[in-house]
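According to the working numbering, the sequence shown is numbered sequentially starting from 106. Glycine included, each C-beta is placed from N, C-alpha and C at the ideal position. None of these values were measured; they are calculated from a predicted model.
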Amino acid sequence: MIYQIRLLVAVTALVIGCNAVAQAQSAPKAPEPTLSKVPYGQHPKQFLYFWQAESDSPTPLLFYIHGGGWRGGDPQDKNLLNMLSILLEHKISVVSIQYRYIQDAVAADIKPPVKAPLQDAARALQFVRTHAAQWNFDPQRIAASGGSAGGCTSLWLAFHDDMADLDSEDPVARQSTRLFCTATIRPQTTLDPVQMKQWTPNSNYGSHAFGIFKPGPKEFQLDFDAFLAQRDAIADWIAEYSPYALVSSDDPATYLFYSNTPAIGKKQGDPTHTSNFGLKLHEHLQSKNVESELYYPGAPDAKHHTVHAYLIDRLTRNEK
């Protein structure tokens with residue numbers, strides 16, 4: 106019996122060790138940033154990382170915004186690391202930003218709270234453009250990408266009118282916020298609870314963007330029912346901060362990646378990242394004659410099966 110127990114312990118340890126090695130081998134290794142924690146504002150979370158691709162001529166640039174529900178996350182997350190090396194190999198430089206979270210906005214009495222991470226992204230993009238010559242990239246060929254909330258922010262930037270203030274004394278504020286294209290990973294494409302409910306009946310996301318939380322001792326708990334009930338009272342905020350509401354015919358090319366098949370009007374296993382979001386935005390973009398590509402398993406018209414394949418094709422197409 107003692108021998109069997111020892112053998113079991115040894116085998117278990119071996120399995121755990123092998124799994125750890127396998128995970129370490131499969132995990133993408135991050136190239137060392139060219140520049141780390143470059144501040145683009147005064148808040149401790151307003152900083153970015155920059156990876157410069159080797160090139161004699163100005164490169165395209167990926168502007169990456171990490172996910173995490175605007176409440177957490179990592180500027181060097183797995184979505185970025187999975188494509189970082191290959192983008193650099195294809196002479197595409199990369200910026201990844203950190204930004205203020207919902208809880209930071211609530212503490213600073215910023216309303217609605219989502220204004221903080223979204224405007225941080227706009228400011229970071231303008232800041233990056235002021236360094237185009239120094240960092241050897243083409244300021245007209247910038248793509249935005251990100252997963253989940255980072256994808257939602259990317260789409261908000263893409264569809265929003267240019268936020269450049271040409272009369273400002275601040276050289277950063279005078280820079281454009283327009284993008285060449287976007288390629289996002291399972292993004293939320295609307296922050297309108299009525300649309301969410303129509304598309305996906307068991308939707309439960311988004312109330313935190315507008316400072317609507319369940320009462321009680323636990324902070325920042327989402328409350329979709331209250332969000333839905335207060336929808337008309339915050340209609341102006343939704344019009345300003347929901348990507349779907351901002352779409353117009355002059356918007357940049359858009360690529361949407363999802364890992365599940367859409368089923369409009371049916372409950373979803375992961376309603377926060379359902380491809381219902383992607384299908385409805387894709388249809389909306391097509392109605393405005395905006396170039397759009399939607400990928401999900403079995404998608405009939407998808408030409409690119411990964412975000413990085415789309416980015417490499419779209420950003421370097423004229424250089425071939």
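Can you tell me whether residue i sits near the ligand FAD, meaning its C-beta is under 6 Å from at least one heavy atom of the ligand?
i, result
"residue 343", "The ligand content of the structure shown is nil, which means the ligand FAD is not present either."
Specify the secondary structure class of residue i as computed by DSSP and reduced to three states.
i, result
"residue 127", "Legend: pLDDT at residue 127 = 43, less than 50; position of this residue unreliable, no value from coordinates given."
"residue 343", "helix"
"residue 194", "helix"
"residue 175", "coil"
"residue 139", "coil"
"residue 285", "coil"
"residue 421", "helix"
"residue 318", "strand"
"residue 338", "helix"
"residue 278", "coil"
"residue 358", "strand"
"residue 107", "In this prediction, residue 107 scores a pLDDT of 46, lower than 50, which makes its location untrustworthy; no coordinate-derived value is stated."
I need the boundaries of the alpha helix (DSSP H) containing residue i, first residue and last residue.
i, result
"residue 314", "Residue 314 -> no alpha helix (DSSP H), and no H or E assigned at all."
"residue 145", "Here residue 145 belongs to no alpha helix (DSSP H), and DSSP marks it neither H nor E."
"residue 351", "348–351"
"residue 330", "329–334"
"residue 268", "Looking at the DSSP string, residue 268 is not in any alpha helix (DSSP H), and its letter there is neither H nor E."
"residue 134", "It is not in any alpha helix (DSSP H) - residue 134 carries neither H nor E in the DSSP assignment."
"residue 302", "298–304"
Out of the options, point me to the one whose CA is closest to residue i's CA.
i, options, result
"residue 382", "399, 338, 408", "399"
"residue 228", "197, 196, 280", "280"
"residue 370", "170, 202, 407, 301", "301"
"residue 187", "136, 322, 315", "136"
"residue 298", "332, 284, 164, 269", "332"
"residue 276", "244, 407, 232, 151", "232"
"residue 356", "260, 317, 220", "260"
"residue 167", "337, 237, 310", "237"
"residue 208", "199, 154, 218", "218"
"residue 145", "177, 175, 191, 205", "205"
"residue 235", "363, 390, 278", "278"
"residue 378", "172, 191, 317, 347", "172"
"residue 339", "360, 310, 296, 372", "296"
"residue 335", "195, 348, 406, 316", "316"
"residue 225", "262, 376, 211", "262"
"residue 152", "160, 185, 142", "142"
"residue 291", "161, 387, 393", "387"
"residue 349", "240, 199, 256, 150", "256"
"residue 202", "272, 420, 163, 155", "155"
"residue 213", "244, 239, 148", "148"
"residue 185", "412, 417, 418", "412"
"residue 195", "216, 160, 183, 222", "160"
"residue 373", "308, 364, 417", "308"
"residue 330", "294, 306, 323, 322", "306"
"residue 164", "182, 134, 138, 197", "197"
"residue 416", "138, 361, 216", "361"
Which first and last residues belong to the beta strand (DSSP E) in which residue i is found?
i, result
"residue 474", "Nothing about residue 474 can be read from this structure; the chain reaches only from 106 to 425."
"residue 363", "Careful: residue 363 lies outside any beta strand (DSSP E) and carries neither H nor E."
"residue 153", "152–156"
Report back the beta-carbon spacing between residue i and residue j to the nearest angstrom; my notes put them in contact at under 8 Å.
i, j, result
"residue 288", "residue 250", "5 Å"
"residue 175", "residue 314", "7 Å"
"residue 327", "residue 346", "Wrong, their Cβ atoms sit about 16 Å apart, outside the cutoff."
"residue 193", "residue 158", "5 Å"
"residue 385", "residue 352", "Not confirmed; about 11 Å, so no contact."
"residue 104", "residue 286", "What is shown of the chain runs 106 to 425, which leaves residue 104 out entirely."
"residue 395", "residue 354", "7 Å"
"residue 246", "residue 420", "6 Å"
| Complete beta strand (DSSP E) runs within the segment 177–260 (minimum length 3 residues, chain order) | 198–202, 242–252
| In chain order, each beta strand (DSSP E) run of at least 3 residues that lies wholly inside the segment 377–416 | 397–400
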